[in-house]
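Below is one structure; the comments refer to it alone.
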Amino acid sequence: MKRYLSLVILLSFVYAGLIKGQPGRILFVDTIGIEKTDLQRIHHLPLYYSGNPVLKADKKWELNINGDPYAAPFSGGVWYDETGRKFKMWYSAGGGKLLGLVTCYAESSDGKNWIKPELTIVPGTNIVDTLEHDCVSVLLDKFEKDSAKRYKMFVVEFNNRSTVSMKLKYSSDGIHWSAPQALSGELYDRCAAYYDPFRGKYILSLKTINGIYRRSRNYLEHEDPEMLVSLAHRVYDNQSDKFIRYWFHADDDDPRHPQFPELRPQIYNHEAMPYEGYMLGYFTVWQGPENNICDSLNIQKRNEVLIGWSKDGFHWNRENKTTFLPVSEDFHAWNAGNVQSTAGNPLIVGDSLYFYVSGRYNSKPKHDSNFATGLATLRRDGFVSMRSEKKEGYVIVKTLVPKDGKYLFVNADVKGTLAVEVLEENGQPLEGFTKKDCIQIKNTDKTKLMISWKKHSELESLKERMIRLKFYLNKADLYSFWISAWRTGESCGYTSGGGPGLSDKGIDVPVN
Numbered sequence: 002m003k004r005y006l007s008l009v010i011l012l013s014f015v016y017a018g019l020i021k022g023q024p025g026r027i028l029f030v031d032t033i034g035i036e037k038t039d040l041q042r043i044h045h046l047p048l049y050y051s052g053n054p055v056l057k058a059d060k061k062w063e064l065n066i067n068g069d070p071y072a073a074p075f076s077g078g079v080w081y082d083e084t085g086r087k088f089k090m091w092y093s094a095g096g097g098k099l100l101g102l103v104t105c106y107a108e109s110s111d112g113k114n115w116i117k118p119e120l121t122i123v124p125g126t127n128i129v130d131t132l133e134h135d136c137v138s139v140l141l142d143k144f145e146k147d148s149a150k151r152y153k154m155f156v157v158e159f160n161n162r163s164t165v166s167m168k169l170k171y172s173s174d175g176i177h178w179s180a181p182q183a184l185s186g187e188l189y190d191r192c193a194a195y196y197d198p199f200r201g202k203y204i205l206s207l208k209t210i211n212g213i214y215r216r217s218r219n220y221l222e223h224e225d226p227e228m229l230v231s232l233a234h235r236v237y238d239n240q241s242d243k244f245i246r247y248w249f250h251a252d253d254d255d256p257r258h259p260q261f262p263e264l265r266p267q268i269y270n271h272e273a274m275p276y277e278g279y280m281l282g283y284f285t286v287w288q289g290p291e292n293n294i295c296d297s298l299n300i301q302k303r304n305e306v307l308i309g310w311s312k313d314g315f316h317w318n319r320e321n322k323t324t325f326l327p328v329s330e331d332f333h334a335w336n337a338g339n340v341q342s343t344a345g346n347p348l349i350v351g352d353s354l355y356f357y358v359s360g361r362y363n364s365k366p367k368h369d370s371n372f373a374t375g376l377a378t379l380r381r382d383g384f385v386s387m388r389s390e391k392k393e394g395y396v397i398v399k400t401l402v403p404k405d406g407k408y409l410f411v412n413a414d415v416k417g418t419l420a421v422e423v424l425e426e427n428g429q430p431l432e433g434f435t436k437k438d439c440i441q442i443k444n445t446d447k448t449k450l451m452i453s454w455k456k457h458s459e460l461e462s463l464k465e466r467m468i469r470l471k472f473y474l475n476k477a478d479l480y481s482f483w484i485s486a487w488r489t490g491e492s493c494g495y496t497s498g499g500g501p502g503l504s505d506k507g508i509d510v511p512v513n
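Here our numbering is used: the first residue of the sequence shown is 2, the next is one more, and so on.
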């Protein structure tokens, strides 16, 4: 008998506490929406899947010219395509190349078990693009009107041993790709592309070298992806041009290599994806050592992924410096070194978020080979919770207007009790919506729980009214809340303008 996972790909709604009339899920990843609280804000981390790696090199064409194995997205892309009802992955493989890698395609029905179909691009293999690249970003643009451009590939190709440039390609199916439609100037390696749907811009996160901070990032945006690529080039000595702006470098309190603590952290890569009204940023932090030292010691460089949040797509909140996607301290693990993020993530799969990462296990003779793919999972909306551990506490959120919604839902782990009180704008409890009137939630752990009161199962009578919500928690974690027009709890609101990977509805995916 089949069971069904409700899979929603990147619902991206406007934050109800800030923009009236457009409710969506409200997270606690920052304190912008919090008016007052005596609770703790707790950051949570994903767990690596016990079956990792979910993809590794097991085909002869996944080896490079020296026989070194590569099979993981280097940004690449992992998306869910409801058209074909499949998880789809674009990853880098050796391809018999000397300098760089080629692009391969894999697919899955559950996101954990992957197959490598035989395709016709390079007969008998799953290779879909043969440009010899350093890295590649593949975007699935579900709002692209031209079906021939539904998939977009930003490939950083080797010009020669010491320089790279970016090319843009299009595809209708992610397998058959066009000739390059745009070409950048000379770039540094390890650049990434993504889409900011809140502003309708494609973004290039460009590597640059900046003084003592060394590996850092430049920013380039444009609504036309061809113009975006055409405008890209190196910018030296922390200088800007009309379009390219210096962005950021690593912070002094970013994690350091335990064996090389004297090395200043650097930003090896950065990319981002929309999540519930925010841009969720992935910051790959380099901790060393440099490649020649890695080769001499037969070890991998230590890159780990941290996260940050942005409302405007340019300025980042990086308050949490705990590694989100870490390396393993096991020398022989699939992720012993060089863990990096993947384009298209997270995928919302039922009650979980899926994050795909590349990792490398230690190998000889080349430090950067043995490239495999792992999966990490986190509770839906589970980045940060408001927590009461031993006694009752509260959190009051800033004014919102339940314009288009009726039902209040929470994502919470309640070991004790949880109750909600509706306050007037002046802070006074509304009659019939007090804590005493609320039907408490007890001993329940679910990502979707509806709140009701003795005489009110909905907020219909408060439509268009400015209110506050006061949550009372006793031995509980509150991860998010939202107001829905439906008893099913689907978020009510407006999509943020569209873009790669966005969807405004849930999809039931059959899993055997």
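The beta carbon of each residue, even a glycine, is placed where N, CA and C say it ideally should be.
Quick one: what does DSSP say residue i is sitting in, helix, strand or coil?
| i | result |
| --- | --- |
| residue 230 | helix |
| residue 62 | helix |
| residue 1 | Given that the chain is displayed from residue 2 to residue 513, the structure contains no residue 1 and the question cannot be resolved. |
| residue 7 | Low per-residue confidence applies at residue 7: pLDDT is 35, beneath 50, and the placement is therefore not dependable, though the value from the model is reported in the following sentence. If DSSP states are grouped into helix, strand and coil, residue 7 belongs with the strands. |
| residue 149 | helix |
| residue 491 | coil |
| residue 22 | Here the model assigns residue 22 a pLDDT of 35, short of 50, so the residue's position is not dependable, and the following value carries that caveat. If DSSP states are grouped into helix, strand and coil, residue 22 belongs with coil. |
| residue 461 | helix |
| residue 122 | coil |
| residue 297 | helix |
| residue 349 | strand |
| residue 212 | helix |
| residue 292 | helix |
| residue 40 | coil |
| residue 374 | strand |
| residue 75 | strand |
| residue 467 | coil |
| residue 267 | strand |
| residue 422 | strand |
Whose C-alpha, out of the options, is nearest the C-alpha of residue i?
| i | options | result |
| --- | --- | --- |
| residue 348 | 83, 236, 135 | 83 |
| residue 426 | 463, 374, 146 | 463 |
| residue 27 | 475, 407, 398 | 398 |
| residue 269 | 183, 193, 475 | 193 |
| residue 188 | 212, 46, 231 | 231 |
| residue 446 | 221, 484, 380, 401 | 380 |
| residue 161 | 135, 144, 484, 77 | 135 |
| residue 63 | 352, 88, 98, 467 | 98 |
| residue 383 | 276, 423, 451 | 276 |
| residue 303 | 393, 317, 489, 329 | 329 |
| residue 223 | 108, 281, 197, 214 | 197 |
| residue 486 | 408, 318, 163 | 408 |
| residue 249 | 256, 240, 219, 242 | 219 |
| residue 178 | 186, 139, 215, 291 | 139 |
| residue 142 | 217, 81, 448 | 81 |
| residue 251 | 111, 235, 271 | 271 |
| residue 335 | 158, 217, 57 | 57 |
| residue 33 | 405, 318, 159 | 318 |
| residue 94 | 137, 52, 45 | 137 |
| residue 344 | 285, 293, 210, 337 | 285 |
Determine whether the beta carbon atoms of residue i and residue j lie at a separation below 8 Å.
| i | j | result |
| --- | --- | --- |
| residue 421 | residue 443 | no |
| residue 31 | residue 310 | yes |
| residue 151 | residue 173 | yes |
| residue 340 | residue 364 | no |
| residue 307 | residue 377 | no |
| residue 203 | residue 181 | no |
| residue 1 | residue 267 | Limits of the chain in this structure are 2 at one end and 513 at the other, which puts residue 1 out of reach. |
| residue 305 | residue 256 | yes |
| residue 264 | residue 245 | no |
| residue 235 | residue 186 | yes |
| residue 402 | residue 452 | no |
| residue 91 | residue 78 | yes |
| residue 283 | residue 241 | no |
If contacts are defined as beta-carbon pairs under 8 Å, then residue i and residue j qualify, I think. What distance do you get, rounded to the angstrom?
| i | j | result |
| --- | --- | --- |
| residue 395 | residue 471 | 6 Å |
| residue 346 | residue 356 | 5 Å |
| residue 54 | residue 375 | 5 Å |
| residue 480 | residue 393 | Incorrect: roughly 18 Å between the Cβ atoms, too far for contact. |
| residue 171 | residue 273 | Their Cβ separation, rounded to whole angstroms, is 22 Å, which puts residue 171 and residue 273 out of contact at 8 Å. |
task: Examine the Cβ distances between the region 94 to 105 and the region 123 to 140 and report whether three or more of them are shorter than 8 Å.
output: yes
message: Under 8 Å: do the region 428 to 445 and the region 453 to 467 share three or more Cβ pairs, one atom per stretch?
response: yes
- prompt: Is it a yes or a no for the region 32 to 40 touching the region 387 to 394, going by three-plus beta-carbon pairs under 8 Å?
  reply: yes
field: Cβ contact check for the region 69 to 80 and the region 367 to 376: 3 or more pairs under 8 Å
entry: yes
message: Under 8 Å, with one C-beta from each stretch per pair, do the region 115 to 126 and the region 144 to 164 reach the 3-pair mark?
response: no
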